[in-house]
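Single-structure report; data block below.
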Amino acid sequence: MAEAKKASFSFKAFRVPNFSYNDSENQEPELILDFNPTGKFNSKSGVFFLTLEFKGFEKGKENNPIIQIKSISEFKFSKPLNSEEIPIYFFSNSIAIVFPYLRAFISNLTLQSNTGVMMLGLMNFTGMGDDLKRNTSFE
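What follows is the structure in structure tokens.
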């Protein structure tokens, strides 16, 4: 049996400083989802900020998003690292860690607006880790 290793980072915070929601005219619109992850890493403090911008477009109306959310999450590494020492799995795992919070935010927002609950399905973020790594600035 393989032994599980403790992660070298911890999840500290999730917040949504900016969002918008426009109800669709359709009862259950088919959504096209767009994620744009960016990061900012401070090697001295070991703090990584993940900004995840999410847009949901109704199919056929790609110029006008139904929902837009900008979330910022904070991760802290157990020790200061340089950019080359960040584990490769961190980039995709950090997005996967944040996704349930984003998903819950969307569900609660649409529930409270009384327009019908919007539930995002499960997603595979493996490929998005490469985008995050490319879009990360290192200080």
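Residues in the sequence shown are numbered consecutively from 5, following the numbering used here.
Backbone N, C-alpha and C define an ideal beta-carbon position, used for all residues, glycine too.
No experiment lies behind these values; they were computed from the predicted model shown.
DSSP places Asp38 inside the beta strand (DSSP E), whose first and last residues are 35-46. In the same chain as Ala17, and ignoring 5 residues on each side of it, the C-beta atoms closer than 7 Å to its own belong to Ser77, Glu78, in chain order. With respect to the C-alpha of Ser87, the residue from Phe52, Gly120, Leu113, Gly131 having the closest C-alpha is Phe52. Lys65 has its alpha-carbon roughly 39 Å from the corresponding atom of Glu143.
Secondary structure of Phe103 (DSSP, three-state): helix. In the structure shown, the three-state DSSP call for Leu85 is coil. Bounds of the beta strand (DSSP E) holding Leu54 are 51-62. The criterion of a C-beta distance shorter than 8 Å is not satisfied by Phe95 and Ile73. In the DSSP assignment, Lys16 falls outside any alpha helix (DSSP H) and lies within the beta strand (DSSP E) extending over 13-25.
Residue burial is scored here from C-beta neighbours: Ser98 has at least 16 other C-beta atoms within 10 angstroms and is therefore classed as buried.
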